[in-house]
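*Asks:* My structure is below; once you've seen it, I'll send some questions.
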Amino acid sequence: MGADWANWLGPAEWQAVRLSIRVSFWATLVSLPLGIFVAYVLARWDFWGKQVLNGLVHLPLILPPVVTGYLLLVTFGRRGSAGQVLEAWFGIILSFRWTGAAVAAAVMAFPLMVRAIRLAIEAVDPKLEAAASTLGASRLWVFVTVTLPLILPGVIAGAILAFAKAMGEFGATITFVSNIPGQTQTIPSAIYAFLQVPGGEEAAGRLVIVAIVIAMSALLVSEFVARRVARLVGGS
């Protein structure tokens with residue numbers, strides 16, 4: 189049975205699946221600390237320009253993905269201002285690399301992550317944080333010991349939703365890093381490529397099934413883990 193499952197997908201399809209998981213994993217992992225910080229800032233701080241920051245965070249949800257990909261290309265491409273600095277100082281090249289695909293996926297998934305975590309933070313009673321502050325705890329220590337345990341279900345839900353969104357990212361990715369098999373060809377890009385050649389519909393259909401299974405599994409795991417953590421936090 190395992191061999192049949194392994195042979196169900198061809199080498200190019202397995203390559204796209206493995207690359208998609210790799211890209212989505214790193215996109216979620218690297219952006220999670222920033223997502224928690226931005227969510228906390230939007231939920232708890234009042235400052236001039238807060239709505240501007242909120243708009244910038246959610247801009248990828250509103251802009252056409254191709255526009256987001258173009259902005260990434262002109263910024264982080266080898267001729268872009270940030271891209272030149274990364275290559276000259278650190279030897280990092282993002283355009284037409286899987287790392288660039290991870291950046292594009294992270295940018296597109298970031299709004300969903302921030303929104304889920306922000307809602308969890310706003311549900312925490314500020315009086316609990318204030319009580320800890322009166323005992324002499326710093327703002328960082330209050331967040332680590334009081335706020336973070338209470339928002340953990342939201343953090344997990346946001347991370348898994350971001351992972352699922354990154355798995356399905358197409359427009360920004362193909363604009364920024366193209367569609368190179370083995371390098372930047374994720375599941376959506378592979379589906380698009382298969383549909384452009386005669387007889388590729390069957391391979392595209394198999395990848396569609398894989399994408400649906402992964403997305404549904406991510407949502408179910410997110411719900412299960414969030415509820416489990418919520419019960420543990422509530423019990424403590």
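Those letters in the sequence shown? Residues 189 to 424, per my numbering, in order.
From the three backbone atoms N, C-alpha and C, an ideal C-beta is built for every residue, glycine too.
Going by alpha carbons, who is nearest to I339 out of S208, S219, F225?
*Replies:* Here the closest residue by C-alpha is F225.
*Asks:* Out of G237, V262, W233, V205, which has the shortest C-alpha to C-alpha gap to V365?
*Replies:* V365 has its Cα closest to that of V262, out of G237, V262, W233, V205.
*Asks:* Determine the direct distance from the alpha carbon of A318 to that of L220, and round the result to whole angstroms.
*Replies:* Near 25 Å, if we compare the C-alpha coordinates of A318 and L220.
*Asks:* Only counting the same chain, and skipping five residues up and downstream in sequence, which positions put a Cβ closer than 6 Å to that of M189?
*Replies:* Its pLDDT being 42, under 50, M189 is placed unreliably by the model, and the measurement read from it follows with that caveat. If we look at M189 and ignore the five residues flanking it on each side, it has no Cβ neighbours.
*Asks:* Leaving out the 5 sequence neighbours to the left and right, which residues in its chain are closer than 6 Å to L300 when beta-carbon positions are compared?
*Replies:* The residues are L349, A350, K353.
*Asks:* Tell me which residue opens and which closes the alpha helix (DSSP H) that S219 is part of.
*Replies:* Start and end: 199-232.
*Asks:* Beta-carbon within less than 8 Å of K315's beta-carbon, same chain only, minus the 5 sequence neighbours each way: which residues are those?
*Replies:* Nothing listed; no residue qualifies.
*Asks:* Report the three-state DSSP secondary structure of A325 (helix, strand or coil).
*Replies:* In this structure, A325 counts as coil in the three-state DSSP scheme.
*Asks:* Note down, in chain order, each residue of its chain lying with its Cβ closer than 6 Å to the Cβ of A294, except the 5 sequence neighbours on either side.
*Replies:* Within the same chain, A294 has close Cβ partners A215, S219.
*Asks:* L207: which of P252, G257, I375 sits nearest, CA to CA?
*Replies:* Checking every option, the nearest Cα to that of L207 belongs to I375.
*Asks:* Any beta carbon of chain D sitting closer than 8 Å to that of S366?
*Replies:* Annotation note: the requested chain D is absent from the structure, which comprises a single protein chain.
*Asks:* So, using beta-carbon positions, are G359 and G265 closer together than 8 Å?
*Replies:* No. Outside cutoff.
*Asks:* Which word fits F235, buried or exposed, when buried means at least 16 other C-beta atoms lie within 10 angstroms of its C-beta?
*Replies:* So F235 counts as exposed.
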